[in-house]
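This report refers to the structure that appears directly beneath it.
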Amino acid sequence: MTVDKIPPGPGQACCSLSKKRVGILVAVCCVAILSTYMYSLNCCKSRTEAPPKLKTSNSPSFHKTPIFAKIKANTRMPEPSVNATQSEAVAAVKQTVLFHQLLQPQNPSPTNQDDLSSLSSWSSVYEEADDDLDLVPERAAFKPQGKWKRRLPKVIIIGIKKGGTRALLNFLKAHPQVTVSGKEVHFFDRFYERGLEWYRRAMPYSYENQLTVEKTPSYFVTPQVPKLIYRMSQDVKFLLVVREPVARAISDHAQSLEKGKTTPFEEKAMLDPRKCSVDESWSAIGIGLYSLHLTRWLKYFPLDQFLFVSGKNLVANPGAEMGKVQDFLHISRTLTEKSFVFNETKGFPCLRTDENGEVRCLGKTKGRPHNPVDPRVRACLAEFYRPYNEQFYNMTGINFHWEE
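Mapping the sequence shown onto full-length UniProt numbering, position 359 (from 1) lands on 359, and the numbers just tick up by one.
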């Protein structure tokens, strides 16, 4: 007996067609998911949680424009490469987040913001917008070691104001074994109650074999600072840039005039010019009493943890003075006499930015002319500072010849 086959009805035909469409849809989705997964894996090959590799002077494109400017110009992530592990993929996701944070405008202001994010910008790792010097000179070969993270400073530039601290910081910033905090953090004299974690997050990212350096010149003259730093670490190294006290006070006053103050230097410095009576209560005068301030520091730290940098030599012979600094910090002598060119117009040294001889100089405020000061007032101040200078020479074992 023959059974005739019943042709499929409309419902069965639709069902068969739907299955085919679902199969095609699943295949397309699989391809899309696989492509996305491969792309995310490939990204991590070129973006890990480490910073951009340092280029050496042999590289053809050796930092002819500021690093941060280059990163801002390229807002796209790198092209993907092949082969990566799952852990690298996770690292790539983290790096993507940090990359986009870097592209956001940053305005860290520790004086009026309480949140940690105000001081945790990646911009401090690269070039600060308000830095006097924006350059990366000829670098020695440097191989990063350890994790890339924020660390408490191992070196602090504690002063002095108008002594040459900005120049020193920017010269150190050019060294591959150093990372610097571009902003004056004022943790130990203003924001100590915010805690060490806040302070650590105010520091730039660094490797284990790099030195993190912070600069706040007011630390040297603030009484409680030595004790507070001692609580954090007994192994911190200190850089103190010193300058002839009378010239320093005049420079300090010149800066105040630019901020709108109008009182002449002679009126601020002297109680009675006829009697050669100096106003010690004026901060510009008090800062120059170096021996009194150093006495407080030596109660907590030995003398061999301090390097006294001559502000005069830092300008006149930066290669030699930076050689002393690099030796003190036990880092390579990357900055030498050949790294600097003297700007005759401004009277300040400039750094060579590449092997072609291009140079970058300190900001326009450096080397600004000062109003002339009455020679009699100068003489009174020199005599006033003389015993303090001699005491400072004895304490440090260095004769800076400020009386000459």
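Even for Gly, the Cβ is constructed at its ideal location relative to N, Cα and C.
- Assignment of beta-bridge partners to Pro349 by DSSP yields Phe342.
- In this structure, Leu294 sits near Met395, with a CB-CB distance shorter than 7 Å.
- Buried is the label assigned to Asn389, since at least 16 other Cβ atoms lie within 10 Å of its Cβ.
- In this structure, DSSP gives Ile331 a state outside helix and strand, which the three-state scheme calls coil.
- Residue environment analysis places Pro387 among the exposed positions, since fewer than 16 neighbouring C-beta atoms fall within 10 angstroms of its C-beta.
- One alpha carbon belongs to Glu344, the other to Glu214, and they sit about 30 Å apart.
- Around the C-beta of Asp252, 16 or more other C-beta atoms lie within 10 Å, and the residue is accordingly described as buried.
- Counting only residues of its own chain and dropping the five nearest sequence neighbours on each side, Leu307 has a CB closer than 6 Å to the CB of Leu239, Phe328.
- The beta carbon of Pro372 lies closer than 8 Å to none in the same chain, with the five residues before and after it left out.
- Under the DSSP definition of a beta bridge, Ile157 partners with Lys215, Leu239.
- Secondary structure note for Asp272: its beta strand (DSSP E) is the uninterrupted segment 270-272.
- Secondary structure at Lys149: strand, using DSSP grouped into helix, strand and coil.
- Within a 10 Å sphere around the beta-carbon of Lys312 sit 16 or more other beta-carbons, which makes this residue buried.
- In the three-state reduction of the DSSP assignment, Arg376 falls in the helix class, which pools H, G and I.
- Residue range 306-310 is occupied by the beta strand (DSSP E) that includes Phe308, with no alpha helix (DSSP H) assigned at that position.
- Where Val225 is concerned, the enclosing alpha helix (DSSP H) starts and stops at 225-232.
- Its chain contains Ile156, Ile157, Ile158, Glu184, Val185, His186, Phe187, Phe188, Asp189 as the residues whose beta carbon lies nearer than 8 Å to that of Thr216, once the 5 sequence neighbours on both sides are disregarded; these appear in chain order.
- Assigned with DSSP and collapsed to three states, Thr179 falls in strand.
- In the structure shown, Tyr205 falls within a strand segment according to DSSP collapsed to helix, strand and coil.
- Rounded to the nearest whole angstrom, the CA to CA distance from Glu244 to Lys143 is 40 Å.
- Counted as a single uninterrupted DSSP element, the alpha helix (DSSP H) harbouring Arg296 occupies residues 290-297.
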